[in-house]
Structure formats: structure tokens, C-alpha cells
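Some notes on the structure that comes next.
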Amino acid sequence: MIDLKKIISHSKEYGFVFPSSEIYDGLSATYDYGPFGVELKNNIKKHWWQSMVYEHENIVGLDSAIFMHPLIWKASGHVDAFNDPLVDNKDSKKRYRADALIEDQLVKFQQKINKEIKKGEKRFGSKFEIVTFQKTNARILKYNDKIKNSKEKLNAALEKSDMNALNELISDLEIRCPVSGTSNWTEVRTFNLMFDTQLGAVADESNKLYLRPETAQGIFVNFLNVQKSARKKIPFGIAQIGKAFRNEIVARQFIFRMREFEQMEMQFFVKPGQEIEWYQFWKQSRMEWHKSLNLCQGNYKFHDHSNLAHYANAACDIEYEFPIGFKELEGIHSRTNYDLSQHQNYSKKKLSYFDSESNESYLPYVVETSVGLDRLFLSVLCGSFAEETVNNEKRTVLKLPNYLAPISVAILPLLKKDGLDDYARNLFNDLKIKFPCHYEDKDSIGKRYRRQDAIGTPLCITIDHDTLIDKKITIRDRDTMLQERVSISNLSDLIKERIGS
Ligand code: ATP
Numbered sequence: 057m058i059d060l061k062k063i064i065s066h067s068k069e070y071g072f073v074f075p076s077s078e079i080y081d082g083l084s085a086t087y088d089y090g091p092f093g094v095e096l097k098n099n100i101k102k103h104w105w106q107s108m109v110y111e112h113e114n115i116v117g118l119d120s121a122i123f124m125h126p127l128i129w130k131a132s133g134h135v136d137a138f139n140d141p142l143v144d145n146k147d148s149k150k151r152y153r154a155d156a157l158i159e160d161q162l163v164k165f166q167q168k169i170n171k172e173i174k175k176g177e178k179r180f181g182s183k184f185e186i187v188t189f190q191k192t193n194a195r196i197l198k199y200n201d202k203i204k205n206s207k208e209k210l211n212a213a214l215e216k217s218d219m220n221a222l223n224e225l226i227s228d229l230e231i232r233c234p235v236s237g238t239s240n241w242t243e244v245r246t247f248n249l250m251f252d253t254q255l256g257a258v259a260d261e262s263n264k265l266y267l268r269p270e271t272a273q274g275i276f277v278n279f280l281n282v283q284k285s286a287r288k289k290i291p292f293g294i295a296q297i298g299k300a301f302r303n304e305i306v307a308r309q310f311i312f313r314m315r316e317f318e319q320m321e322m323q324f325f326v327k328p329g330q331e332i333e334w335y336q337f338w339k340q341s342r343m344e345w346h347k348s349l350n351l352c353q354g355n356y357k358f359h360d361h362s363n364l365a366h367y368a369n370a371a372c373d374i375e376y377e378f379p380i381g382f383k384e385l386e387g388i389h390s391r392t393n394y395d396l397s398q399h400q401n402y403s404k405k406k407l408s409y410f411d412s413e414s415n416e417s418y419l420p421y422v423v424e425t426s427v428g429l430d431r432l433f434l435s436v437l438c439g440s441f442a443e444e445t446v447n448n449e450k451r452t453v454l455k456l457p458n459y460l461a462p463i464s465v466a467i468l469p470l471l472k473k474d475g476l477d478d479y480a481r482n483l484f485n486d487l488k489i490k491f492p493c494h495y496e497d498k499d500s501i502g503k504r505y506r507r508q509d510a511i512g513t514p515l516c517i518t519i520d521h522d523t524l525i526d527k528k529i530t531i532r533d534r535d536t537m538l539q540e541r542v543s544i545s546n547l548s549d550l551i552k553e554r555i556g557s
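When we follow the working numbering, the leftmost residue of the sequence shown carries the number 57, and every step to the right adds one.
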């Protein structure tokens with residue numbers, strides 16, 4: 057598995073992602089997308105929108121405001137319960153999420169188990185029987201027991217917001233601060249993740265606004281507006297892409313966990329009783345969508361939630377194997393009619409839907425698919441990153457899905473003279489209105505190829521002296537590095553076919 061540090065430095069060097077406010081020493085957990093990053097991000101958004109909105113007759117889009125009436129966050133439960141358990145180490149003064157500290161400790165136990173297995177393999181050689189070894193080795197049994205018990209206690213504590221139980225777990229597992237090495241902890245306390253700000257000039261509690269921590273609530277409060285204006289019948293969905301803000305306690309994993317990030321969410325409104333069927337449909341459909349990106353390194357798995365939030369009757373995550381391990385990429389949740397009924401109660405406006413087929417009114421149930429755009433971006437980068445040796449030289453290449461690549465075609469005259477550059481410019485001017493193109497005439501052709509490989513450009517076109525005579529160019533494929541000479545007469549069709557969508 058590739059090292060996250062490599063991805064971070066590649067992202068910076070090649071203009072994908074920069075640390076925010078860098079010349080002021082940065083602002084933690086915020087990042088800026090550079091010239092190639094913004095293209096990749098936009099292409100990911102387009103691809104998601106295409107497959108969720110344009111390819112589903114019964115899904116429409118929305119772009120709701122980030123600021124919303126503060127009561128919305130009371131109704132949704134975010135004011136009272138959108139909390140993380142926070143703990144400080146008194147010696148290092150470092151702040152942690154208590155549940156993350158506990159989970160990291162359990163990972164350490166798992167690593168100890170793996171070490172024992174390695175030792176066993178060495179000791180018993182070809183006679184090594186892993187299953188028997190795991191069932192009989194006292195140390196492995198002890199660690200497995202600890203992991204299982206602690207996971208159960210952790211889930212129960214989180215579900216009940218029981219901070220004392222988290223204190224106990226930290227103490228029982230003898231967790232030490234990774235920085236100071238001590239276990240001199242404060243008590244675990246809750247911390248609300250919403251950022252707030254003020255509306256207008258007078259700063260008092262009644263004017264308090266929140267930066268939305270998820271895009272979903274904008275969809276719920278617009279449910280009837282959208283249903284009526286788009287003349288939709290249940291089942292139908294509303295999709296939205298937009299910024300969300302969370303004051304994450306620990307955010308040290310590049311764009312995996314940020315304080316300002318983007319979500320791509322779709323809320324699917326269904327008849328009560330049909331939600332589990334739809335949940336299964338979206339669960340499979342979203343997994344297939346991720347797999348269809350066909351990344352070179354694309355390991356995904358489901359994580360079904362056993363402890364459900366009070367408003368959900370089924371939930372799972374699609375996890376991707378990031379360099380930091382399998383982690384949540386997308387959540388699929390069957391949210392019942394909790395959100396609509398809360399908004400109905402708080403706003404005192406009816407939000408029910410009249411079903412003309414069954415001749416009844418009801419509050420629809422909701423199945424949600426929610427993917428973090430930045431996490432998806434990171435998965436695409438990690439899954440496409442490859443280092444290869446070609447003719448004893450190292451090449452770094454982003455084997456991005458062609459339709460997501462920031463630049464589709466690079467146009468490269470072999471030399472900057474003899475009319476090759478003019479010919480190449482004309483070709484560039486012709487192609488740039490059809491595809492994202494790049495023109496480059498500096499440096500050796502080898503160097504220019506490497507640079508395009510590093511930003512993931514699927515096709516490079518070179519113009520040489522023969523081109524002026526036979527009107528043929530050389531087209532080079534990023535992944536195979538194969539070069540073909542083709543006529544420029546049907547070049548656009550060929551590029552279109554290779555880039556796909
Ligand atoms: P986590 O458990 O990792 O904090 P979550 O369960 O709180 O995530 P959801 O509320 O389900 O996340 O949000 C939906 C999606 O939004 C997540 O699957 C993830 O891709 C993305 N997301 C959530 N928080 C962040 C963040 N701080 N930075 C980047 N993406 C995020």
C-alpha cells in the first residue's frame with residue numbers, strides 16, 4: 057500500500073492540493089485545490105451528477121443555501137447531539153477524540169496478533185496451521201478477547217453518550233498519549249462539532265447561525281418545494297453537492313478529514329414499508345458505482361452498522377482501503393421519516409405527501425447516500441498512483457480513469473521551430489474547444505511525457521517534421537506508453553473514443 061506522505065507531496069508538487077494559507081504557516085485541516093486538483097474534483101462531481109441525476113429519471117438536483125434557519129439544526133438533533141467525545145493529555149496538551157484513541161489502541165492489539173502469527177510461521181515453517189494457531193495461542197486469545205470486549209463497550213458508550221464508560225475504557229486499556237507517552241488524561245467530555253456565527257450586527261443567542269454540518273437538511277426542508285415544482289411522484293430522489301463544515305477534534309489525515317469539505321448526497325423518498333428494499337438497492341448500486349471507476353488499487357468493503365442511530369433502521373458504510381487502512385468513503389442510511397417528522401413538528405408546516413395511487417397521505421421514508429467528495433478525490437488519487445521503472449528510469453504515473461483526468465490531451469511539438477510549433481498551436485486551438493487540452497513546447501519530449509504522466513493525462517500528441525508532410529501525428533497512451541501514428545483527419549473521434557465517459 058502506498059504511503060500517504062507520497063500522495064501529499066505529489067499533490068502539492070503537481071498542483072492538485074495545497075495546504076491552505078500556506079504562506080501564513082497554514083490552517084490545520086483545511087486545503088486548497090490547485091489547477092489540476094480543481095479539474096479532477098469538477099470531473100468527479102460531473103461524473104457523480106451524471107450517474108445520479110441524469111441517468112435516473114426520478115432524481116432531480118438542488119443547491120440549497122449553507123446558512124439555514126437555526127431551528128433546523130435543533131429539529132435535526134445536531135444542536136443537542138452532534139457531539140464527539142473529547143479528551144486532553146495534560147502533559148502534551150494535545151487534544152484527542154476519545155473513541156479514536158480507543159480504536160487506535162485496538163489496532164495496536166491487532167498488530168500484536170499479526171506479529172504473533174509471523175513468529176509462529178517462522179517457528180513452525182511448513183507445518184504452520186494458522187487457524188489452529190489462532191485458536192490455541194494464549195496471547196492471541198487474550199488480545200482477541202480484549203478487542204471484542206472493548207469494541208462492545210465502546211459502541212455501547214457512544215450510543216448512550218456515556219462519557220464515564222469512555223474514561224474507564226481509556227484507563228482499562230492503559231492508553232498513553234502518542235506525544236507525551238503518559239496517561240495523564242482529563243475527563244472525557246462532549247464537544248459539539250458545529251461552527252456557529254452571527255446573523256446581522258447584534259450578537260446574541262437568537263441571532264446564532266450554524267455553518268451546515270451536512271447538506272442533507274437543505275434537502276429535507278425543500279422536500280415539498282422540489283416534489284411539487286418538479287412534479288415528482290414517490291419514489292423519487294433529490295441530489296445535492298455542496299460544502300459542509302465540522303469542527304473536527306482531530307483532523308490530521310490530509311483531505312480525508314477536514315473542517316471544511318464537500319458532500320455529494322442524495323435523499324431518496326419512498327413509501328413507508330418499502331425503505332429496506334430501496335436501502336438494499338442503493339447499497340449495491342453505490343458499491344457498483346465505486347467499483348466501476350476501475351482504479352488500479354480499488355479495494356472496497358461494506359461495514360454494516362450493528363448499532364444504529366435512533367432514527368435509522370438500517371445503515372452501512374462503503375469503506376475504501378486508504379493508505380491509513382479501510383475507512384469510510386460513503387454512508388448509506390435508511391433514515392425512516394425521522395427528519396421530515398422533526399421538521400414538521402418544529403416548523404408546524406405539513407410535509408406529508410399525497411399518494412394518488414393509494415389515495416392516502418403519509419410522511420415518506422428516506423434512504424440516503426452520502427459520499428464525501430474530498431474522500432472520493434483521495435481514493436481516486438491513491439487508487440491511480442503508480443511508480444514504475446521504464447528503461448532504468450522511475451516514472452510516476454496517475455492512471456486515472458480517462459474521463460476524470462484533469463487534461464485529456466497534451467499537444468507537444470517535438471521542436472519549438474521549423475513550423476512544428478505553429479502546426480501544434482493550430483491543432484491545439486482546434487482541439488481545445490472539444491477537450492481539456494494542454495500545449496507544451498519546453499523541455500525534452502521525454503520530460504514532457506513524464507510530467508503529463510504525473511498529472512494523469514491519458515493522451516499525448518506529438519508533432520514532428522513528418523507531420524508537416526503526411527498530416528499524421530504520434531499519439532501516446534499514458535498507461536501502455538504505446539505510440540501510434542494516426543492521421544489528423546479523424547483525430548477528434550479517436551480522442552473521444554479513448555477518453556470515454
Ligand atoms: P466519520 O465517521 O469518518 O467522521 P461520518 O460517519 O461522520 O464520518 P457522515 O456524517 O456519514 O460521516 O458523512 C457522509 C460522508 O461525508 C462521509 O462518508 C465522508 O465521506 C464525508 N465526511 C464526513 N466528515 C468529513 C470530514 N471531516 N472531512 C471530509 N469528509 C468528510
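For glycine and all other residues, C-beta sits at the position ideal for the given N, C-alpha and C. Source: prediction; values computed, not measured.
Asked	Found
Would you give the residue range spanned by the beta strand (DSSP E) that residue 139 belongs to?	139-144
Is the segment 300-316 in contact with the segment 262-275, if contact means three or more CB pairs nearer than 8 Å?	yes
Under DSSP, the alpha helix (DSSP H) around residue 443 begins and ends at which residues?	Taken as a continuous stretch (DSSP letters only), residue 443 belongs to no alpha helix (DSSP H), being part of the beta strand (DSSP E) at 441-446.
Just curious, the beta strand (DSSP E) that residue 343 is in, first and last residue?	Here residue 343 belongs to no beta strand (DSSP E); instead the alpha helix (DSSP H) covers 331-347.
How long is the line joining the alpha carbons of residue 251 and residue 64, rounded to whole angstroms?	27 Å
Would you decide whether residue 412 is buried or exposed? Buried here means 16 or more other CB atoms lie within 10 Å of its CB.	exposed
Suppose contacts are defined by Cβ-Cβ distances below 8 Å. Is residue 351 in contact with residue 440 by that definition?	yes
Tell me whether residue 386, by its Cβ, gets closer than 7 Å to a heavy atom of the ligand ATP.	yes
With distances taken between CB atoms, is the gap from residue 176 to residue 200 smaller than 8 Å?	no
Measure the alpha-carbon distance for residue 214 versus residue 152 and round it to whole angstroms.	15 Å
Going by Cα to Cα distance, which pick from 488, 506, 126 and 492 is closest to residue 263?	126
For the segment 431-486, which segments carrying the beta strand (DSSP E) assignment without a break, of at least 3 residues, lie completely within its bounds, in sequence order?	441-446, 449-454 and 465-469
Here's a check: name, in chain order, each residue in its chain whose Cβ is nearer than 7 Å to the Cβ of residue 442, leaving out the five neighbours to either side.	352, 453 and 455
What's the gap between the Cα of residue 357 and the Cα of residue 385?	10 Å
Among the residues of its own chain, which have a CB less than 8 Å from the CB of residue 459, if the five just before and after it don't count?	99, 103, 555, 556 and 557
Is residue 428 near the ligand ATP, judged by its Cβ being under 7 Å from some heavy atom?	yes
Could you give the residue range of the beta strand (DSSP E) that holds residue 264?	264-266
Following the continuous alpha helix (DSSP H) through residue 161, name the residue where it begins and the one where it ends.	154-180
Going along the chain, which residues of its own chain have a beta-carbon closer than 6 Å to the beta-carbon of residue 389, five neighbours each way excluded?	368, 371 and 424
Output the distance between the C-alpha atoms of residue 246 and residue 285, rounded to the nearest integer angstrom.	41 Å
Mark residue 549 as exposed unless 16 or more other C-beta atoms lie within 10 angstroms of its C-beta, in which case mark it buried.	exposed
Quick one: does the C-beta of residue 319 sit closer than 7 Å to a heavy atom of the ligand ATP?	yes
By DSSP, does residue 212 sit in helix, in strand, or in coil?	helix
Excluding five sequence neighbours on each side, which residues of the same chain lie with their C-beta closer than 7 Å to the C-beta of residue 558?	The question about residue 558 has no answer, for the chain in this structure spans 57 to 557.
So what's residue 65 in DSSP terms, helix, strand or just coil?	helix
How should residue 462 be labelled, buried or exposed, when 16 other C-beta atoms within 10 angstroms of its C-beta is the threshold for buried?	buried
Can you have a look at residue 525 and say buried or exposed, based on whether 16 or more other CB atoms are within 10 angstroms of its CB?	exposed
Which residues share a DSSP beta bridge with residue 75?	87
Please report the distance separating the alpha-carbon of residue 328 from that of residue 291.	10 Å
Where DSSP assigns a beta bridge to residue 248, which residues make up the other side?	139
Any heavy atom of the ligand ATP closer than 7 Å to the beta-carbon of residue 308?	no
Is residue 314 near the ligand ATP, with its Cβ less than 7 Å from a heavy atom?	yes
In three-state terms, what does DSSP make of residue 308?	coil
Skipping 5 residues on each side, what residues in its chain have a beta carbon closer than 8 Å to that of residue 375?	356, 357, 358, 359, 382, 383, 384 and 385
To the nearest whole angstrom, what separates the beta carbons of residue 115 and residue 295, a pair I think is in contact under 8 Å?	6 Å
Note down, one range per segment and in chain order, each beta strand (DSSP E) of at least 3 residues found wholly within the segment 367-419.	370-378, 381-390, 409-411 and 416-418
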